[in-house]
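full-length UniProt numbering puts the first residue of the sequence shown at 1, with every later residue one more than the last. Below is one structure; the comments refer to it alone.
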Amino acid sequence: MSHYADVIVIGGGIIGNSTAYYLAKKGCSVLVLEKSDHMGNGGSGRNGGGVRQSGRDKRELPLAMYGVKNLWPALSDELETDVEYYQEGNLRLGKTDEHIKILECLTNDAASLGLDVRMIEGIQAKEICPYLSEEVIGASWCPTDGHANPMLATLGYYRKARQLGARFVTGEEVIEIKKIKGKARQVVTSENCYETETIILAAGYDSRKIAATVGINVPMLQSLLEVLVTEAQPPMFYQMLGTAAADFYGHQSTHGSFVFGGSSGFEGVNKNNGTPVTNSITASCICRGIMKYLPCLGDAKIVRTWAGWIDDCVDHVPVISRVEEVPGLILACGFSGHGFGISPTVGTLLSQMAVGEETVLDITDFRYDRFKAKI
Numbered sequence: 001m002s003h004y005a006d007v008i009v010i011g012g013g014i015i016g017n018s019t020a021y022y023l024a025k026k027g028c029s030v031l032v033l034e035k036s037d038h039m040g041n042g043g044s045g046r047n048g049g050g051v052r053q054s055g056r057d058k059r060e061l062p063l064a065m066y067g068v069k070n071l072w073p074a075l076s077d078e079l080e081t082d083v084e085y086y087q088e089g090n091l092r093l094g095k096t097d098e099h100i101k102i103l104e105c106l107t108n109d110a111a112s113l114g115l116d117v118r119m120i121e122g123i124q125a126k127e128i129c130p131y132l133s134e135e136v137i138g139a140s141w142c143p144t145d146g147h148a149n150p151m152l153a154t155l156g157y158y159r160k161a162r163q164l165g166a167r168f169v170t171g172e173e174v175i176e177i178k179k180i181k182g183k184a185r186q187v188v189t190s191e192n193c194y195e196t197e198t199i200i201l202a203a204g205y206d207s208r209k210i211a212a213t214v215g216i217n218v219p220m221l222q223s224l225l226e227v228l229v230t231e232a233q234p235p236m237f238y239q240m241l242g243t244a245a246a247d248f249y250g251h252q253s254t255h256g257s258f259v260f261g262g263s264s265g266f267e268g269v270n271k272n273n274g275t276p277v278t279n280s281i282t283a284s285c286i287c288r289g290i291m292k293y294l295p296c297l298g299d300a301k302i303v304r305t306w307a308g309w310i311d312d313c314v315d316h317v318p319v320i321s322r323v324e325e326v327p328g329l330i331l332a333c334g335f336s337g338h339g340f341g342i343s344p345t346v347g348t349l350l351s352q353m354a355v356g357e358e359t360v361l362d363i364t365d366f367r368y369d370r371f372k373a374k375i
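Structure below.
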């Protein structure tokens, strides 16, 4: 196999795979390097599948809105893979006056940028989802939000990118990026050295240590999120659910099972040996929250739980940026658990950046150097 490509993408999650696909569509030769033996083995295969616009930081919202309007609706047809995309809306629920204040703040911020999101009373929320408990006194409602299957979407991008000529190498860890005459040109792995004109670093938290090999520090931490799935239930509702207090988030899948995510706040009791391990406390903590809002699921059996690391940026907003000090390097990391829903948009933007096109959206807010001290 040739050790050269026009663009090398480091990371085989949905960001890396979507980028590879959109680059291959432009006729670029693309090589994707993934240290795991499997595509999507990081956060892309371990998240709740939300495709939401509501509840996002104002800087992220345009990316989410663009994807929901222009990319997600036709994605299954484009990838020739059913990504199980449902656009049935998002209810973010509240049970107390304090919850309602939180939701009103989020709703006002999003509405000010043109998103169709509004506050509704508890009785209106129950009209949308009759299974909610009487404790729900209000909610934010975004009818254009939804959810999809993260693994199917990731693999859909992977398969289509391969069909268009993109090459993928798994089980090969990137050790460093090397500059030649001041420009990022080589990607050194545990087994090979590859050369390129453009490097896109989309390796989750591992991006931090790889970027450090060329003197770039992306301020992010590694955080653990956990997800559980129930046995299949009769079709009930397909809205995406969340809460003001972040008790849980989730939805019913095409299969009928419910997929719920959340955290207990006690992840620090786990020993971090590099493997994302579920905590015995977390699933029961999530379930207590679920039953307060959806008592009808009280007898549903949990069949599996899993955990995954997220690359949590210091300001909880991703870095999508060229690096002035290292020409030829583009960063795409720090997605803070919000990356899946905006991945088609991000892949589009990264492909445009790599070939020197004007990006379809302004990405100034995602610059890597926004953390520099103001003088």
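The beta carbon of each residue, even a glycine, is placed where N, CA and C say it ideally should be. Remember, it's a predicted structure, so these values are computed and weren't measured experimentally.
The Cβ neighbour count for Thr243, taken over all protein chains shown within 10 Å, is at least 16; the residue is labelled buried.
Annotated as proximal: Ala161 and Ala24, with beta-carbon spacing under 8 Å. Comparing alpha carbon positions, the residue from Leu221, Leu228, Phe258 closest to Tyr238 is Phe258. Ranked by Cα distance from Lys179, the first of Gly165, Thr198, His147 is Thr198. About 23 Å separates the Cβ atoms of Ser223 and Asp109, ruling out a contact at the 8 Å cut-off.
In the structure shown, the three-state DSSP call for Lys126 is helix. In the three-state reduction of the DSSP assignment, Ser253 falls in the coil class, being assigned neither a helical nor a strand state. The alpha helix (DSSP H) runs of length 4 or more contained entirely in the segment 313 to 350 do not exist; there are none. Taking the Cα of Ser133 as reference, the smallest distance to any Cα among Pro295, Ala211, Glu226 is reached at Pro295. In the three-state reduction of the DSSP assignment, Gln186 falls in the strand class. The DSSP-derived three-state label of Glu78 is helix.
Going by DSSP, Gly204 is part of no beta strand (DSSP E) at all; its letter is neither H nor E.
Using a Cβ distance threshold of 8 Å, Val227 and Gly261 count as a contacting pair.
Judged by DSSP in its simplified three-state form, His99 adopts helix.
The segment 125 to 179 is shown to contain whole beta strand (DSSP E) runs of 3 or more residues at 138 to 142, 167 to 170, in chain order.
Below 8 Å, enough C-beta pairs join the segment 1 to 18 and the segment 192 to 210 to call them touching: three or more. Within the model, the alpha-carbon separation for Val319 versus Thr254 is close to 33 Å.
Leu33 is not a Cβ neighbour of Val136, given a cutoff of 8 Å. The beta-carbon separation of Val323 and Ala332, rounded to 11 Å, does not stay under the 8 Å limit for a contact. Taking the Cα of Gly55 as reference, the smallest distance to any Cα among Met119, Asn41, Ser36, Tyr4 is reached at Met119.
Burial state of Thr196 is buried, judged by a 10 Å Cβ sphere holding 16 or more other Cβ atoms.
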